[in-house]
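Step one of this worksheet: look at the structure below.
Numbering (this note's numbering), first residue to last: 1383 to 1533.
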């Protein structure tokens, strides 16, 4: 079965964004963040309060998922109503890519920067996936969707 250019592009986006979920969010950034914020007490100042460095990172990632879970139904409805799925997907992808690109710029003096970048990288990645998933029924008939999404 031959796939169209659009279908191949859809599959490549899936392949390419796997780097974030497999490498950045699960291995590299958590280790880098912990190494940069390591001190005698392993605490960082964030939002006017001292937190254990790894705990606040977990809270920030949880907050990013909560943000997307609240926003995605509204954003998806807007994208469906206006026919601008690609614009929404691209916007979230750019937010995620730029935030991820800057994640290595924070230091022990500004852990809030690393936490904010991690938040926006996660929101960008997860938000783009919401719109990416909405394209499958548009680009492939039901009998072809399993084969395409398994690529």
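The beta-carbon is built from N, C-alpha and C at its ideal position, and this holds for glycine as well. The structure presented is a predicted model; accordingly, all values stated were derived computationally and were not measured.
Cβ pair residue i, residue j closer than 8 Å
i	j	result
residue 1334	residue 1529	One cannot answer for residue 1334 here, as it falls past the ends of the chain, which runs 1383 to 1533.
residue 1461	residue 1467	yes
residue 1355	residue 1497	Here the chain comprises residues numbered 1383 to 1533, so residue 1355 is not present and cannot be evaluated.
residue 1392	residue 1521	yes
residue 1411	residue 1494	no
residue 1407	residue 1504	yes
residue 1426	residue 1442	no
residue 1446	residue 1508	yes
residue 1510	residue 1465	no
Contact with chain D by residue i, beta-carbon distance below 8 Å
i	result
residue 1485	Protein chain content of the structure displayed is limited to a single chain, and chain D is not contained in it.
Start and end residues, beta strand (DSSP E) containing residue i
i	result
residue 1428	1425-1428
Proximity winner among the options, relative to residue i (alpha-carbon distances)
i	options	result
residue 1518	1512, 1511, 1527	1527
residue 1470	1489, 1457, 1525, 1487	1457
residue 1435	1442, 1441, 1444, 1424	1424
residue 1515	1531, 1523, 1524, 1490	1531
residue 1399	1431, 1506, 1523	1506
residue 1430	1525, 1523, 1492	1492
residue 1401	1490, 1415, 1483, 1525	1483
residue 1474	1490, 1463, 1450	1450
residue 1422	1524, 1396, 1490	1490
Where the alpha helix (DSSP H) containing residue i begins and where it ends
i	result
residue 1386	Premise fails: residue 1386 is in no alpha helix (DSSP H) and is neither H nor E.
residue 1506	1493-1521
residue 1326	A query on residue 1326 cannot be resolved here, the shown segment of the chain reaching from 1383 to 1533 and no further.
residue 1537	The requested residue 1537 is not part of the displayed model; the chain covers only 1383 to 1533.
residue 1422	From DSSP, residue 1422 is part of no alpha helix (DSSP H); its letter is neither H nor E.
residue 1530	1524-1531
Inter-residue CB distance, residue i and residue j (contact presumed, cutoff 8 Å)
i	j	result
residue 1502	residue 1418	That belief does not hold up - the Cβ atoms of residue 1502 and residue 1418 are roughly 18 Å apart, past 8 Å.
residue 1440	residue 1512	No, residue 1440 and residue 1512 are not in contact; Cβ-Cβ is about 22 Å, not under 8 Å.
Whole runs of the beta strand (DSSP E) within the stretch 1428-1465, excluding any shorter than 3 residues
1431-1434
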